[in-house]
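Chemist: Mind having a look at this structure? Questions to follow.
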Amino acid sequence: MKKLRSLLSHMRRASASRSIPGQIIDLILHKLMLCLSPADYYHFEFYRGGKTWQQKSRYVALGGSIYWPFENNAFRYGTALTDKYVQKHLLIGFDLPTPRLMATVGPGRDIQDYTQWRDFLNTVRQPIMLKPVSSAGGDGILAVSKHGKRFFAGAASQTPEQLWEHMQSKSYQGFLIEERVSNTGLLARLNPTSLNTFRVVTIKTNDGVWHVGATAVKIGAPGAVTDNNAQGGIQINLDDAGKPRHAFDFATRQSITHHPETGIDLMNLELEGYRDVIDLALRASRCFGFLGTVGWDIAWTDQGAMIVEGNIVWGCSSLQRGGPGMITDTLAAGLKRHHVFGRWDKSRLYPGYSRRPFWSRRT
């Protein structure tokens with residue numbers, strides 16, 4: 005019922021551009037020809053017209069599309085990115101630049117009880133980040149600084165006991181303690197409290213070559229320590245040359261041209277380090293060659309480009325807002341093309357999956 009109400013609401017809003025009977029026909033055709041859901045049809049505003057079927061086929065949707073790179077991420081390898089402990093040690097093992105890991109917290113790890121935690125804090129001389137192993141969307145992350153003998157998480161004073169209690173939440177399954185790194189230049193001016201990163205989506209074609217599918221810059225919300233869209237903030241989508249083409253404020257859900265706090269013109273930003281960030285994303289992707297697509301969060305710092313994390317699921321809808329679909333001619337030629345009556349190649353998601361009909365398989 006909720007989905008039906010949402011669909012009717014979309015139809016009413018879109019009726020100024022396309023009649024409701026026309027929308028109904030469109031929804032059927034877009035499902036049959038592009039494997040797109042009604043939500044994607046409205047999100048990408050295909051009801052407005054002006055795009056050819058080929059142009060519309062180049063959009064990637066999370067629920068399915070003609071070219072769907074997510075099928076190339078085998079589920080058995082998902083832990084490599086969803087478990088931050090595993091991911092961090094892979095980044096270190098591949099000798100990829102990433103904020104320094106100072107300690108781990110949890111059963112069987114460096115810090116297992118409050119006494120060890122207190123002893124560790126006595127050695128801390130620089131700001132640190134406490135990052136849950138299993139969270140998403142920036143949930144549970146604390147930026148901790150030390151002033152004299154007092155500790156602060158943001159502007160709030162925190163005792164060692166309070167910080168320890170925060171890390172004991174069972175839902176987090178342990179924490180990483182990293183050295184806090186900071187942006188430099190323009191990214192620091194846009195929001196000095198958060199670590200603002202480039203989101204670089206890389207996609208591997210069937211010949212094993214990695215390509216950049218989409219890039220953006222994420223700016224944290226005022227007072228935030230991370231740039232996760234779930235906490236508000238701004239995303240600036242970039243073209244192939246690293247130039248801004250669209251900016252979106254997640255707090256107001258509106259497209260913008262200037263930063264709401266600083267007034268900086270977001271459409272004419274000169275982003276330092278863009279080429280180095282792209283090169284690092286492709287280098288890291290080749291190290292993680294057992295995957296098929298990754299959304300990298302890479303910070304530009306006074307130490308150069310550094311990988312904050314990789315994401316096995318990345319925000320395909322927001323990355324294509326205000327621009328073309330991310331599937332280029334090269335990617336289209338190198339990815340499997342789907343249709344609504346075909347079967348997803350589940351052997352990519354589940355290695356060993358049998359593609360034969362169930363009635364022809366031996367028991």
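My numbering puts the sequence shown at residues 5 to 367.
Just so you know, even glycine gets a beta-carbon here, dropped at the ideal spot from N, CA and C.
#1: Looking only at its chain, what residues have a beta carbon closer than 7 Å to the beta carbon of T367, apart from the 5 residues adjacent to it on each side?
#2: Run through the DSSP bridge pairs and tell me what S322 is partnered with.
#3: Keeping to the same chain, check which residues put their C-beta closer than 6 Å to that of F156; ignore five residues upstream and five downstream.
#4: Whose C-alpha, out of R9, S13, L125, R279, is nearest the C-alpha of T163?
#5: For S259, which beta-bridge partners are listed by DSSP?
#6: Count the other CB atoms, across all protein chains shown, that sit within 10 Å of the CB of G299; report buried if there are 16 or more and exposed otherwise.
#7: Are G142 and Q235 closer than 9 Å when you measure CB to CB?
#8: Here's the rule I'm using: 16 or more other beta-carbon atoms within 10 Å means buried, otherwise exposed. How should W57 be labelled?
#9: With a CB to CB cut of under 7 Å and the five nearest residues on each side skipped, what residues in its chain are close to W363?
#10: Going by beta-carbon coordinates alone, are S139 and I145 separated by less than 9 Å?
#11: Below 9 Å between beta carbons: does that hold for A251 and L270?
#12: CA-CA distance, Y46 and R62?
#13: By how many angstroms is the C-alpha of I311 removed from the C-alpha of T102?
#14: Would you call the CB atoms of H268 and R193 closer than 9 Å?
#15: Return the residue from the list R129, L167, W168 that minimises the CA-CA distance to H151.
#16: Would you grab the beta carbon distance between C3 and L66 for me? Rounded to a whole angstrom, and I think it's under 8 Å.
#17: How long is the line joining the alpha carbons of Q116 and K92, rounded to whole angstroms?
#18: For S13, which of helix, strand or coil comes out of DSSP?
#19: Assuming contact is defined by CB atoms lying nearer than 9 Å, are A288 and F98 in contact in what I supplied?
#20: From which residue to which residue does the alpha helix (DSSP H) around F124 run?
#21: To the nearest angstrom, how far is it from the Cα of A285 to the Cα of R341?
#22: According to DSSP, which residues form a beta bridge with K208?
#23: Among the candidates C39, G246, D333, S21, whose CA atom is the shortest distance from the CA of D280?
#24: Report back the beta-carbon spacing between T197 and A228 to the nearest angstrom; my notes put them in contact at under 8 Å.
#25: Would you tell me roughly how many angstroms separate the C-alpha atoms of V109 and L85, rounded to the nearest one?
#26: Taking the straight line between their C-alpha atoms, what separation do you get for Y278 and I302?
#27: Just checking my contact of G224 with V205 at CB under 8 Å: how many whole Å lie between their CB atoms?
#28: Within 10 Å of its beta-carbon, does Q324 have 16 or more other beta-carbons around it, so buried, or fewer, so exposed?
Modeler: Inspection of the coordinates gives the following:
#1: At T367, the pLDDT of 42 sits below 50, so the modelled position is not reliable and the matter cannot be decided from this model.
#2: Residue pairing by DSSP leaves S322 without any beta bridge partner.
#3: S149.
#4: Relative to the Cα of T163, the nearest Cα in the group R9, S13, L125, R279 belongs to L125.
#5: DSSP lists F252 as partners of S259.
#6: By the 10 Å Cβ count, G299 comes out buried.
#7: Yes, these two residues count as a Cβ contact at 9 Å.
#8: Per the 10 Å Cβ criterion, exposed.
#9: Note that W363 has pLDDT 45, beneath the 50 cutoff, so the model's placement of it is unreliable and the number below is only indicative. So no residue of the chain qualifies.
#10: With contacts defined as CB atoms closer than 9 Å, S139 and I145 qualify as a contacting pair.
#11: In contact: A251 and L270 (Cβ atoms closer than 9 Å).
#12: Approximately 16 Å, taken between the alpha carbons.
#13: The straight-line gap from Cα to Cα measures roughly 5 Å.
#14: According to the sequence displayed, residue 268 carries Ile and not His. Cβ atoms of I268 and R193: closer than 9 Å.
#15: Nearest option by C-alpha distance: R129.
#16: Any answer about residue 3 is impossible in this case: the structure gives the chain only from 5 up to 367.
#17: Rounded to the nearest angstrom, the two C-alpha atoms are 19 Å apart.
#18: In the structure shown, S13 sits in a helix (DSSP, three-state: H, G or I).
#19: At the C-beta level, A288 and F98 come within 9 Å of one another.
#20: 118 to 125 is the extent of the alpha helix (DSSP H) around F124.
#21: Each residue's Cα considered, the two are about 25 Å apart.
#22: K208 pairs with W214.
#23: Out of C39, G246, D333, S21, G246 has the C-alpha closest to the C-alpha of D280.
#24: 6 Å between Cβ atoms; contact.
#25: Looking at the two C-alpha atoms, the distance is approximately 18 Å.
#26: One C-alpha to the other measures close to 10 Å.
#27: At roughly 20 Å, the Cβ-Cβ gap does not stay under 8 Å, so G224 and V205 are not in contact.
#28: Around the beta carbon of Q324, a 10 Å sphere encloses 16 or more other beta carbons of the protein chains shown; the residue is thus reported as buried.
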